[in-house]
Every structure is written in structure tokens, then in C-alpha cells.
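Visitor: Mind looking over this structure? Questions follow.
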Amino acid sequence: MSMTALFYHGWGFDHSIWNKVVGQLEGWRALFVDRGYFGQARRPVPDGPNLVVAHSFGTMLALHDPPQGCVGIVAINGFDRFVADSASPGVHPRILRRMADRFEGDPLSVLREFRGRCGCETSPPHPDKDALGEDLHLLATMDCRDDTAATPLPILSLQGDADPILPEAMRDTIFGRAHRIERRTVAGGGHLLPLTDPAACCKAIREIGEVPA
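Start counting the sequence shown at 3; every next residue gets the next number (our numbering).
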């Protein structure tokens, strides 16, 4: 049976962020989790061995509730906690508070600005405010460091060294409680590696997919 890659997208995006990666990932089955920000939500269930491939916020969702049969996690621009606290570097809490405060009155502007900071100048029309708002709250409050510590799965963290969203100290120490962690960096890479560096993403997927669970 061929390996299945189960893809998770991040906040403010949808499953189409993986189109370039999947186009270069020959020999793999692909399934897509979608949070329903711009269309129908979906959570497919793999029927055999699978590798989680998660972008950004999607990494926390996968860590917290990994699919049965998962053999590893490729975390692309990913993290197990987004907001900084006394124990870990991260994004300053006030940034999330400002986003949340503005989101209630002007969700489209918050969405456009966030995607623009990530390096994407377009935004799909007619977003689902409720779905985005619920996950913005999770982005600000979710802490999956205990999930990282509990999982026996290998984690490959692929980061960009020019990421405008994740601070350098955060990228360098993310998944610090993992039992099996490999860190890689894409020179010049930003926060949208699935769009800008699909070949590097595919290389990471293929290599960790060959590591025994």
C-alpha cells in the first residue's frame, strides 16, 4: 500500500496551499484537511499508514489529534505554541490581541493584512467569519508542547530563515520537548514554503516518510 500524505493548512489559508507540493510528490496518495474558511470543511480519515504534512497553525491541530496510522510529522513553518510566554519565545501576545479585537469589526481587513505579511497579496472572497474567528482564538491560546512531549513520532521541522511571522528564536527552539526532532532551514525562505519552496517541502516529505516509526 502506498503512503498517504495528510495535509493540514494554516490560519487564513485553505488546502490549495498544497497544490504545488502535491504536483511534485509522485507516488504518494494525498488527502487534505480543510478548516472551512473559504468553503466546505473536511477532515478525511486515512485508511492506512500516513504522514502528516502540516503548515503553520495546522501543525498544532495535527499534534493535538494525530490520525491513526501516522508514522511522522513534517511541520512546515510549524510550531507547537504560537504565542510567547515565560518559558518559550514566540509571537508577542499583544499582536494576537490586536488581531482579535479588530477581527470582530473588520475580519476581511485582518485576513488581508495577515496574508500580506505572510507574502500573499490575494485573499479569497466570502470568508467564513465564524470559522476564522474560532481558529484565531485557538492560534492565540492553544499550547501543544505537552502533545509534542508525549508523541513518539519523528518530527521534521522545516523553517524559512526569512520568515516574517515566526521570530528567529522561536524557529530555533520550536518542538524543544520532542523525542525525535530534525530541524532544517530554507535559506531565504519565508512563511509560505509550500508556495515558494515546494521542492524543499517534497524532499522533507519523502525523507521522513522513509524513517521507521
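Ideal Cβ placement from N, Cα and C applies to all residues, glycine included.
Contact between the region 70-90 and the region 153-170: three or more CB pairs below 8 Å?
Guide: With a cut-off of 8 Å, the region 153-170 and the region 70-90 count as touching, because enough Cβ pairs lie within range.
Visitor: Helix, strand or coil for asparagine 21 per DSSP?
Guide: For the purposes of this step, residue 21 is identified with residue 19 of the sequence shown, where counting begins at 1. DSSP places asparagine 21 in helix when its eight states are reduced to three.
Visitor: State the DSSP-derived secondary structure class of histidine 94, mapped to helix, strand or coil.
Guide: Translated into the one-based positions of the sequence shown, residue 94 becomes position 92. Histidine 94: coil per DSSP, three-state reduction.
Visitor: Taking 8 Å as the threshold (C-beta atoms), are valine 85 and glycine 92 in contact?
Guide: As a working mapping, residue 92 is identified with position 90 in the sequence shown. As a working mapping, residue 85 is identified with position 83 in the sequence shown. Yes; because the gap between Cβ atoms is below 8 Å, this pair is in contact.
Visitor: Where does alanine 77 sit, in a helix, a strand or coil, going by DSSP?
Guide: Looking up residue 77 in the sequence shown gives position 75. Three-state DSSP puts alanine 77 in a strand.
Visitor: Measure the C-alpha to C-alpha separation of leucine 110 and proline 127 and round it to an integer number of angstroms.
Guide: Mapped onto the sequence shown, residue 110 falls at position 108. Mapped onto the sequence shown, residue 127 falls at position 125. Whole-angstrom Cα-Cα distance: 9 Å.
Visitor: Do tyrosine 10 and arginine 43 come within 8 Å of each other at the CB atom, strictly closer than that value?
Guide: Here residue 43 refers to the residue found at position 41 of the sequence shown. Here residue 10 refers to the residue found at position 8 of the sequence shown. Checking the displayed sequence, the identity of residue 43 turns out to be alanine instead of arginine. Taking 8 Å as the Cβ cut-off, alanine 43 and tyrosine 10 do not qualify as a contacting pair.
Visitor: Select from Arg119, Asp163, Asp49, Arg37 the residue whose C-alpha is nearest the C-alpha of alanine 56.
Guide: Locating residue 56 in the sequence shown gives position 54, where the first residue counts as 1. Minimum Cα distance to alanine 56 is reached at Arg37.
Visitor: Grouping DSSP H, G and I as helix and E and B as strand, with all else coil, what is histidine 193?
Guide: Residue mapping note: residue 193 aligns to position 191 of the sequence shown, counting from 1. It is coil, neither helix nor strand.
Visitor: Whole angstroms is fine: what's the gap from phenylalanine 15's alpha carbon to valine 35's?
Guide: Here residue 15 refers to the residue found at position 13 of the sequence shown. Here residue 35 refers to the residue found at position 33 of the sequence shown. Those two C-alpha atoms are separated by around 12 Å.
Visitor: Could you check what DSSP says for glutamate 28 in three-state terms: helix, strand or coil?
Guide: Sequence index remark: in the sequence shown, residue 28 carries index 26 (1-based). Note: glutamate 28 maps to coil in three-state DSSP.
Visitor: By DSSP's criteria, threonine 187 is part of a beta bridge. Which residues make up the other side?
Guide: What you label residue 187 is simply residue 185 of the sequence shown in a count that begins at 1. According to DSSP, which records beta bridges pairwise, threonine 187 is partnered with Gln161.
Visitor: By the 10 Å Cβ neighbour count, where 16 or more other Cβ atoms means buried, how is tyrosine 181 classified, buried or exposed?
Guide: Start at 1 with the first residue of the sequence shown, and residue 181 comes out as number 179. Correcting the residue identity first, residue 181 is histidine in this sequence and not tyrosine. It is exposed - the Cβ of histidine 181 has fewer than 16 other Cβ atoms within 10 Å.
Visitor: Quick one, which of Leu33, Pro46, Ala164, Asp82 has its alpha-carbon nearest alanine 142's?
Guide: One-based indexing of the sequence shown puts residue 142 at position 140. Residue Asp82 is the option with its Cα nearest to alanine 142.
Visitor: In the structure shown, what three-state DSSP assignment does phenylalanine 84 receive?
Guide: Start at 1 with the first residue of the sequence shown, and residue 84 comes out as number 82. Phenylalanine 84: coil per DSSP, three-state reduction.
Visitor: How is isoleucine 207 classed by DSSP in three states: helix, strand or coil?
Guide: The count along the sequence shown starts at 1 and reaches residue 207 at position 205. Correct three-state label for isoleucine 207: helix.
Visitor: Please classify glycine 50: is it buried, with 16 or more other beta-carbons within 10 angstroms of its beta-carbon, or exposed?
Guide: Numbered from its first residue, the sequence shown carries residue 50 at position 48. Exposed: under 16 other Cβ atoms inside 10 Å.
Visitor: Between histidine 193 and aspartate 165, is the Cβ-Cβ spacing less than 8 Å?
Guide: Position 191 of the sequence shown holds residue 193. Position 163 of the sequence shown holds residue 165. Yes. Within cutoff.
Visitor: By the 10 Å Cβ neighbour count, where 16 or more other Cβ atoms means buried, how is valine 24 classified, buried or exposed?
Guide: Locating residue 24 in the sequence shown gives position 22, where the first residue counts as 1. Buried, by the Cβ-count rule.
Visitor: Over what stretch of residues does the beta strand (DSSP E) that includes histidine 57 continue unbroken?
Guide: Residue numbering aside, residue 57 sits at position 55 when the sequence shown is read from its first letter. Note, histidine 57: beta strand (DSSP E), 52-57.
Visitor: Can you tell which of Phe177, Glu170, Ile176 has the C-alpha that lies nearest to the C-alpha of alanine 189?
Guide: The residue you call residue 189 lines up with position 187 of the sequence shown. Out of Phe177, Glu170, Ile176, Glu170 has the C-alpha closest to the C-alpha of alanine 189.
Visitor: Short check: CB of proline 68 to CB of valine 54, under 8 Å?
Guide: Against the sequence shown, residue 68 aligns to sequence position 66. Against the sequence shown, residue 54 aligns to sequence position 52. Yes, the pair counts as a contact, with Cβ atoms nearer than the cut-off.
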